[in-house]
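Since the structure comes first, as structure tokens, the remarks are kept for the end.
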Amino acid sequence: EFIDRLNALVPQLGANRLLLLDAGRVVVFDSGSQGTFGSAIPIAASRRITNAYEARARLDGQPFIAAASSIPRRNPLQASFVVLAEPESAIASTAAGDLATRLLEAGGAALVVAMLLVLLVSQSVTRPVTQLAAAAEDIAAGNYSRRVSIEGRDEIGMLGSAFNRMAEAVERARKVQRDFLANVSHELKTPLTSLIGFSQALVDGSLLSESDRTRAATIVHEESERVLRMAQELLDLARVEAGSISLHIAAVDLGGQLQQELEMMRPRATARGLALQMGVPEDIPPVAADPERLHQILDNLLDNAVKYAPEHASVNAMARLSGAAVETVISNPVGSHRPDPDRMFDRFYRADPSRSAAAGGVGLGLAISRELAAAMKGRLWADFDDSGNLRVHLLLPATREAAVRTDPTAAHPRNLPTLPSPATGEGKVA
2 EFIDRLNALV PQLGANRLLL LDAGRVVVFD SGSQGTFGSA IPIAASRRIT
52 NAYEARARLD GQPFIAAASS IPRRNPLQAS FVVLAEPESA IASTAAGDLA
102 TRLLEAGGAA LVVAMLLVLL VSQSVTRPVT QLAAAAEDIA AGNYSRRVSI
152 EGRDEIGMLG SAFNRMAEAV ERARKVQRDF LANVSHELKT PLTSLIGFSQ
202 ALVDGSLLSE SDRTRAATIV HEESERVLRM AQELLDLARV EAGSISLHIA
252 AVDLGGQLQQ ELEMMRPRAT ARGLALQMGV PEDIPPVAAD PERLHQILDN
302 LLDNAVKYAP EHASVNAMAR LSGAAVETVI SNPVGSHRPD PDRMFDRFYR
352 ADPSRSAAAG GVGLGLAISR ELAAAMKGRL WADFDDSGNL RVHLLLPATR
402 EAAVRTDPTA AHPRNLPTLP SPATGEGKVA
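For reference, each letter of the sequence shown is one residue, going 2 to 431 in this note's numbering.
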């Protein structure tokens with residue numbers, strides 16, 4: 002379209018040839034010949050006449066007298082100069098006055114061409130900007146599926162692509178927000194219903210026996226703790242996602258930390274007939290982590306394993322050196338509800354939704370753990386081994402700093418079996 006408009010402009014200007022040159026004076030358009038395209042045209046400017054320069058050039062081996070003028074480069078051909086040329090043979094050498102007049106006319110024509118090019122460029126810029134503005138207004142009004150059809154490799158095309166990526170991110174964030182609010186409402190509904198029902202029964206005296214009143218008070222207490230735990234976890238998740246959580250990174254003895262976590266988890270595991278096993282090499286280096294937040298992560302991971310592993314199964318906790326980091330792996334068999342490793346760390350995800358109330362969790366522990374691991378320059382992910390056991394991997398940076406190895410469970414007997422270390426084959430008793 003742009004080339005057609007230039008060709009139609011030549012006879013209107015009364016010129017023999019119209020050329021557009023780039024910044025290196027290479028021909029990007031020639032109305033008189035295709036043979037000059039891509040070749041550099043030497044133009045010797047002699048004097049300036051109004052807005053153009055009188056110049057001489059050789060085109061196709063013939064001398065031409067030309068009028069040249071610079072133009073804005075933001076045009077479809079990226080041209081920097083416009084040239085109107087007439088063969089010298091068509092102009093009498095003695096007609097100096099006529100030549101000056103022609104050059105003045107050519108200079109004016111060159112100015113007209115430049116103005117037309119500026120108009121075309123401005124339209125090519127304002128049209129997509131107007132489209133972007135309208136799309137932004139639609140998104141602000143709630144139409145998060147709105148996209149723009151602006152393509153290209155120039156700055157405007159890049160802006161259109163960036164706008165579409167931003168719109169997709171906004172749409173995803175909006176969906177996550179809606180799902181999050183729906184899940185929070187659902188999770189709060191059950192405990193609040195129980196609180197209202199049993200507290201009302203206690204108030205109006207409809208519970209006649211002492212055992213019924215005790216049971217109602219117990220349920221009120223447990224459901225209140227559940228709501229409080231959910232509020233705390235929501236607050237933790239909001240803080241860690243906003244990057245406002247305070248971390249105190251130190252050298253932590255991972256072996257001692259795992260021993261403590263397993264000892265605290267042992268009564269619950271024993272009640273379900275689960276065997277807890279641990280394997281950590283003696284020479285495993287300390288990890289750089291916040292001790293309190295590392296405890297929170299390991300507690301969530303082991304709690305999840307003990308809670309959902311089939312009865313009379315084994316829960317294994319191992320550690321190994323992985324480059325400049327230490328990888329902790331907690332594995333356990335899975336029951337009939339096989340979790341999705343890619344969704345395990347999403348908010349409120351449960352492989353078995355029917356067990357949510359009985360299990361006592363709110364579905365935020367693993368989501369918080371993943372964010373905490375990332376905040377400590379680590380990573381948390383899950384997969385399945387060849388036997389179908391679920392494995393949760395925690396990778397944290399190792400450190401050369403010395404860690405004080407404490408035995409927080411020394412006052413309790415250790416009845417956990419030994420698991421061979423993945424690195425040395427030697428076991429460590431938990």
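All residues carry an ideal CB built from backbone N, CA and C; glycine is no exception.
Simplified DSSP state of residue i, which is helix, strand or coil
| i | result |
| --- | --- |
| G428 | Residue confidence for G428 is low, a pLDDT of 41 falling below 50, so the modelled location carries little weight; the figure read from the coordinates is stated next. Of the three classes helix, strand and coil, the one that applies to G428 here is strand, per DSSP. |
| R433 | In the structure as shown, the chain begins at 2 and stops at 431. Residue 433 is therefore absent and cannot be evaluated. |
| V385 | Checking the sequence, you will find Phe at residue 385 rather than Val. Of the three classes helix, strand and coil, the one that applies to F385 here is strand, per DSSP. |
| V281 | coil |
| D5 | helix |
| P334 | coil |
| P292 | helix |
| S245 | coil |
| Q201 | helix |
| Q35 | coil |
| P409 | Residue placement at P409 is poorly supported in this model, since its pLDDT is 41, which falls under 50; the coordinates are not used for a value here. |
| L78 | coil |
| L302 | helix |
| R148 | coil |
| S70 | strand |
| A239 | helix |
| L420 | Low per-residue confidence applies at L420: pLDDT is 42, beneath 50, and the placement is therefore not dependable, though the value from the model is reported in the following sentence. Strand, per DSSP. |
| A41 | strand |
| A115 | helix |
| L365 | coil |
| R339 | coil |
| R154 | coil |
| A310 | coil |
| L10 | helix |
| G161 | helix |
| S210 | coil |
Residues sharing a beta bridge with residue i, DSSP
| i | result |
| --- | --- |
| T271 | T271 pairs with nothing; no bridge assigned. |
| T191 | Its beta-bridge partners do not exist; DSSP assigns none. |
| Y350 | Answer by DSSP bridge pairing: none, since Y350 is not bridged. |
| A276 | S315 |
| R18 | A86 |
| S323 | A326 |
| P398 | A326 |
| V253 | V288 |
| L391 | N333 and F385 |
| A142 | Partner(s): none; A142 has no beta bridge. |
| P64 | R59 |
| P30 | Note that residue 30 corresponds to Phe in the displayed sequence, not to Pro. Partner(s): L21. |
| R166 | Partner(s): none; R166 has no beta bridge. |
| R380 | L396 |
Nearest-angstrom beta carbon gap, residue j and residue i [assumed within contact, 8 angstroms]
| i | j | result |
| --- | --- | --- |
| S40 | L19 | Going by Cβ atoms, the distance from S40 to L19 rounds to 16 angstroms, so no, they are not a contact pair. |
| L78 | F30 | 6 angstroms |
| V253 | P292 | 5 angstroms |
| A374 | L391 | So it is not a contact: roughly 17 angstroms between Cβ atoms. |
| L236 | I285 | At roughly 33 angstroms, the Cβ-Cβ gap does not stay under 8 angstroms, so L236 and I285 are not in contact. |
| E312 | R273 | 5 angstroms |
| V316 | V307 | 6 angstroms |
| L277 | A310 | About 10 angstroms; that fails the 8 angstroms criterion. |
| F82 | I72 | 7 angstroms |
Closest Cα partner of residue i within the set the options
| i | options | result |
| --- | --- | --- |
| A376 | F181, S247 and G336 | S247 |
| A318 | A383, L303, N165 and G206 | L303 |
| L7 | P64, A68 and L85 | L85 |
| S150 | A141, N165 and N144 | N165 |
| A136 | A168, I157, E152 and R154 | A168 |
| A69 | A115, E89 and G62 | A115 |
| H397 | S81, P268 and A289 | Looking at the sequence provided, one finds Leu at residue 397 rather than His. Among S81, P268 and A289, the Cα nearest to that of L397 is on A289. |
| G256 | I298, K308, A320 and H313 | A320 |
| T131 | A142, I157 and V113 | I157 |
| L238 | S210, A251, L208 and F181 | F181 |
| D343 | K190, N333 and R371 | R371 |
| V11 | N301, A170, M279 and V113 | V113 |
| L203 | T191, W382 and A218 | A218 |
| G161 | E283, E172 and R147 | R147 |
| A1 | I42, P43 and V28 | Nothing can be reported for residue 1: it is not among the residues displayed for the chain, which extend from 2 to 431. |
| V228 | A325, L196, A58 and G62 | L196 |
| N305 | V393, R380, G244 and L21 | V393 |
| N301 | S337, E283, L381 and A325 | L381 |
| P88 | M279, N76 and G62 | G62 |
| A67 | R74, R57, N76 and R75 | R57 |
| F325 | S337, P287, H296 and P334 | Here the sequence assigns Ala to residue 325, which means Phe is not the residue at that position. With distances taken between Cα atoms, A325 lies closest to P287. |
| A399 | N76, I4 and I250 | I250 |
key: Given 8 angstroms, three or more beta-carbon pairs between the segment 362–372 and the segment 339–351   = yes
ask   = Any contact of the segment 262–282 with the segment 224–238, i.e. 3+ C-beta pairs under 8 angstroms?
value = no
inquiry  = Between the segment 382–391 and the segment 333–343, can you find at least three pairs of beta-carbon atoms closer than 8 angstroms?
reply    = yes
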